[in-house]
Each structure stands twice: as C-alpha cells, then as structure tokens.
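Structure first, then comments.
2 protein chains.
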Amino acid sequence: MSDLDRFESKAEILKAMAHPVRLLILEELVKNPRCVSAIHEILEVRQPNISQHLTILRNAGIVGSQKDGTYRCYFLIKPGLVKAAFSALDTYWPETNIDDVRKKFKLALEKRLQQEQSS
Amino acid sequence: MSDLDRFESKAEILKAMAHPVRLLILEELVKNPRCVSAIHEILEVRQPNISQHLTILRNAGIVGSQKDGTYRCYFLIKPGLVKAAFSALDTYWPETNIDDVRKKFKLALEKRLQQEQSS
DNA sequence: ATTCCATATTCGAATTTTTGAATATTCAAT
DNA sequence: ATTGAATATTCAAAAATTCGAATATGGAAT
C-alpha cells in the first residue's frame, strides 16, 4: 500500500462515516452489536438500503460482521475511532440529538409510504 | 433549523473533511492560518481548485477567512474539532504520513504537467 | 425438497461531487 | 486609470454517490 493510499484511506474513513444513515447505524453499534433486522427496526430505512450502507462501512474497515444462523451481526471493528469521532462532533456540534433524528427518519418514511399509496 | 438538519449537519461536517486535499489543507491550518497562495505552494494543486475546496470548508463552518490586502487568510473556526478528528484518525490509522502525501501530490502534479506539455 | 425468513446483490435513474478551463473580481501600486 | 497579483466564480464533463425496485442467496424448519 503506497503512502498516498494510506492518506486517502483516512479520507475514505471519513467519507464512509459522512452520511446520516451511517452515523445512526454507528450510533447503534457503539452501544451494541446488532443484526441487520435490529438496525432495520430502529432506523426505518428499507432493508436493502441498510445492507448497502453496511457494505460501505464494512469496506471502509469500520465494521465487521459475523453470521449467526440466518442473522448477520454487525459490530464495530474500531470502537475507539467511532467513539472519538462522535465525541469530537458532539463537543463541537452539541446541538445534535439522535432521537430527534430518528423521529425525522420515521416521518420521512411515513411520507414516502403515503406517497406510494396515493399513486 | 430542524433537528434533522442538525444531525445532517454532522454528516456534512464529516463530508466536508472527507477529501484528501481538504485534509491536507486542514493539516496546514491546524499549524497556522494561511493565505491561499501559501496553501497553493504547499499543496501543489491548482489555485482555483484550492479555492473550491476552501469554499466547501467555509460552507461547512470549519474554516473562516479574513482579507489581508490582496491576500485572503484562512483559519480554523473550530480548531478543537479538527484536532480531535485528526487525533482519532491518527490513533486508529497511525500509518498515515503527511509528508509522503505531499510528495505524492507533487509527483501527480508533475505528471499532469508533463502530459500537458507533450500533448 | 420446499418454504420461509434474513440478508445481499444488481441494475438503473437521479443527484452530487470533483476538477479543469476560462473568466471575473478585488485590491495595491504605479 | 491601468496594470498586475491574489483569489473567486462559472461552466461543463466525468466520476462517484444514493436509493429504490427487483431479484438472488443462504440457512432453518417443516
């Protein structure tokens, strides 16, 4: 791996984290390992999309996974990094509230579902 | 500003940082405020592109700027955040070396210039 | 063997990002 | 007023991201 690649890898880690859904997933995984369906219940985002986001996090080396029967359990590979990143963000953007965000995702999903029904 | 916006703002901060050129710029600004031409000399990236990246950092609220005659000086608005982010990345991806990256950028620029001359 | 449930993959369209090229703006000095 | 240096903006094209829809895979239980 070249030196450039190594530095770009830092940008890629940040890029992998730089999405609201992925931040929410990471928030959950900081607390507990979770299988996809558990994340799905919490996040109210369609399952394939969650798998896509998990793939991005996995490719960035941020999460790992382990099969458990039919389920697949995701966990943080570098919990310290994620915690430090959240801590930095919380310290300097303290206004963010994770539960409000969940509320918003729920609203957004309901809106989508209504639009689908009415069309 | 809604709660969602606030959470998405964290993703946007990360997104704004999640680019090799912008990380290099921030590395410089952690050490010192810098005007565009100083950044230009260090980074070996075309000036308009540097201004574009600086605009992204400015819009994210990460850097600010101040006119100084013809020059414009950029500085970190939240140095603690940037330092904490770098610290987290350095702790968990310690292999990255900033000088190697500069070397690589220099090489890439020279390659580009050669291609332009020969075409 | 088939069915069901959990998860992943593929594909395509819409959107966003990235960057170079060209040009514009702004200020200082003459 | 004009010139020159520093910086910003605009535009367009290429590349990358996002996400839904549809489909595929893989394991458990019957």
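Residue numbers (our numbering), protein chains in the order written: chain A, 1 to 119; chain B, 1001 to 1119. Ideal Cβ positions, reconstructed from N, Cα and C, are used throughout, including at glycine.
From the DSSP output, which residues share a beta bridge with residue i?
{"i": "Q1066(B)", "result": "C1073(B)"}
{"i": "R1034(B)", "result": "Y1074(B)"}
Looking at residue j and residue i, is the spacing between their C-beta atoms short of 9 Å?
{"i": "L1014(B)", "j": "L23(A)", "result": "yes"}
{"i": "V82(A)", "j": "L26(A)", "result": "yes"}
{"i": "A1085(B)", "j": "M1017(B)", "result": "yes"}
{"i": "V21(A)", "j": "I50(A)", "result": "yes"}
{"i": "H19(A)", "j": "H53(A)", "result": "yes"}
{"i": "I77(A)", "j": "G69(A)", "result": "no"}
{"i": "G80(A)", "j": "T1091(B)", "result": "yes"}
{"i": "A60(A)", "j": "E28(A)", "result": "no"}
Which of helix, strand or coil does DSSP assign to residue i?
{"i": "E46(A)", "result": "Residue identity differs from the one stated: residue 46(A) is Arg in this sequence, not Glu. Correct three-state label for R46(A): coil."}
{"i": "H19(A)", "result": "coil"}
{"i": "A1011(B)", "result": "helix"}
{"i": "L4(A)", "result": "Below a pLDDT of 50, predicted positions are generally treated as unreliable, and L4(A), at 40, falls in that range; the measurement from the model is reported next regardless. Residue state, collapsed to three classes: helix."}
{"i": "H1040(B)", "result": "helix"}
{"i": "S1119(B)", "result": "Unreliable positioning characterises S1119(B) in this predicted model, as indicated by a pLDDT of 40, which lies under 50. A coordinate reading is not provided."}
{"i": "H1053(B)", "result": "helix"}
Between which two residues does the alpha helix (DSSP H) containing residue i stretch?
{"i": "G80(A)", "result": "79 to 92"}
Next on the checklist: Count Cβ pairs between the segment 1017 to 1035 of chain B and the segment 1071 to 1078 of chain B that sit closer than 8 Å; are there 3 or more?
Outcome noted: With the cut-off at 8 Å, the segment 1017 to 1035 of chain B and the segment 1071 to 1078 of chain B touch.
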